[in-house]
Amino acid sequence: MLEQFSVDGNTAVITGSSQGIGAVTAKRFADDGANVVVTSRTQEKIDEVAAEINDSDRPGEAIAVECDVRDRDSVEALIEATVEEFGAVDCMVNNAGASFMAGFDDISENGWKTIVDINLHGTFHGAQVAGQQMQQQESGGTIINFASVAGTMGSQYMSHYGAAKAAVVNLTTSLSANYADHDIRVNCIAPGLVGTAGVASQMGLDPADVDRSDIAKEMGLPEEIADIVQFLASDASSYIVGETITAQGVPPLEDSQL
Ligand SMILES: NC(=O)c1ccc[n+]([C@@H]2O[C@H](COP(=O)([O-])OP(=O)(O)OC[C@H]3O[C@@H](n4cnc5c(N)ncnc54)[C@H](OP(=O)(O)O)[C@@H]3O)[C@@H](O)[C@H]2O)c1
């Protein structure tokens, strides 16, 4: 690998890494020599991911720290545990997210608030708590947020999620302006459909049933998103600040009549 694409020696906190894109990213970073903090609300699952990393010959080490990103105290404890174990936070990946499908009129107030809480407030907590730690370290860093094409294009059956993810895109730009002077680069990824357990449960699609050779451009792999996370965490993206990279496998205007 070209040196500028490497995350070797970094410490990365990857929220929502018990499965899906987060777990694949954690393993990828450890493959490359980064120490990773595997975190979600489910201790048993994050223990499994961390053990898989530590029991392998990957050069990076992992710890598992339970955290609910909706709870600021929990996020503060996550960052404290990271610093205690690895001495610093160099990269914060605000990947934790969730949704459910429903038409707008069928979304209860509680359902709306829950989805906004996880996707938007969770990102706010992660970015601010990790960002303040990075400022204290005075060694710069990277923050990578997760939006969705539902946030950039709208979504008939996930309007709560789309609204929260649109806010994450906007927050990324605002945050990048606040943190640029501290050498902290903030960027965002907006994936289209990616084959993960989350998609399977939300949309009734089983990624295992998808024949990539037939619809290679309609459903991405978690590994393809992890590639972008690594790029944004590495020096290879040093001139990219405050941007949202869309990855959806099809040209943006494919369905458009324009
Ligand atoms: N897959 C896609 O098609 C797709 C498309 C666009 C955007 N995205 C975004 O990409 C990111 C990853 O997606 P994915 O499909 O890999 O997700 P996933 O398979 O559904 O996994 C979600 C992860 O987030 C964690 N999580 C959920 N609520 C949490 C909370 N309150 N606090 C902490 N962790 C929480 C889950 O673990 P616990 O349940 O154990 O907490 C799990 O580790 C998300 O932000 C998602 O919105 C995904």
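Read left to right, the sequence shown gives residues 17 to 274 (my numbering). Glycine included, C-beta positions come from ideal geometry on N, C-alpha and C.
DSSP beta-bridge partners for R201? T158
Within the present structure, is the beta-carbon of G214 separated from the nearest heavy atom of ligand 1 by less than 7 Å? yes
Provide the residue(s) that pair with M108 in DSSP beta bridges, ordered along the chain. V29 and I159
Proximity to G14 [Cα-Cα], best of S250, A206 and I256: In the structure as shown, the chain begins at 17 and stops at 274. Residue 14 is therefore absent and cannot be evaluated.
Could you tell me whether any non-hydrogen atom of ligand 1 is closer than 7 Å to the CB of D57? The question names Asp, yet the displayed sequence has Arg at residue 57. Because some heavy atom of ligand 1 lies under 7 Å away, the Cβ of R57 counts as near it: yes.
Cβ distance (whole Å) where L163 is taken to contact V145 below 8 Å: Per the sequence shown, the amino acid found at residue 163 is Ala instead of Leu. Not a contact, Cβ separation roughly 20 Å.
Hey, would you say the C-beta of D63 is under 7 Å away from at least one heavy atom of ligand 1? no
With the cut-off set at 8 Å, would you say F120 and S190 are in Cβ contact? Cβ atoms of F120 and S190: not closer than 8 Å.
Check whether the Cβ of C107 sits closer than 7 Å to any heavy atom of ligand 1, and report yes or no. no
What do you reckon, is the C-beta of F162 under 7 Å from a heavy atom of ligand 1? Yes, since a heavy atom of ligand 1 falls inside the 7 Å radius drawn around the Cβ of F162.
Leaving out the 5 sequence neighbours to the left and right, which residues in its chain are closer than 6 Å to A97 when beta-carbon positions are compared? V81
With distance defined between alpha-carbon atoms, name the residue in A183, P75, F116 and G32 nearest to G220. F116
From T130, I79 and S72, residue whose alpha carbon lies closest to that of V85: T130
Ignore the nearest five residues each way along the sequence and tell me which others in I134's own chain have a CB closer than 7 Å to its CB. Here the set comprises V85, R86, A112, G113 and A114.
For I261, the three-state DSSP class (helix, strand or coil): I261: strand per DSSP, three-state reduction.
C-alpha distance - G258 paired with S124, whole-angstrom precision: 33 Å
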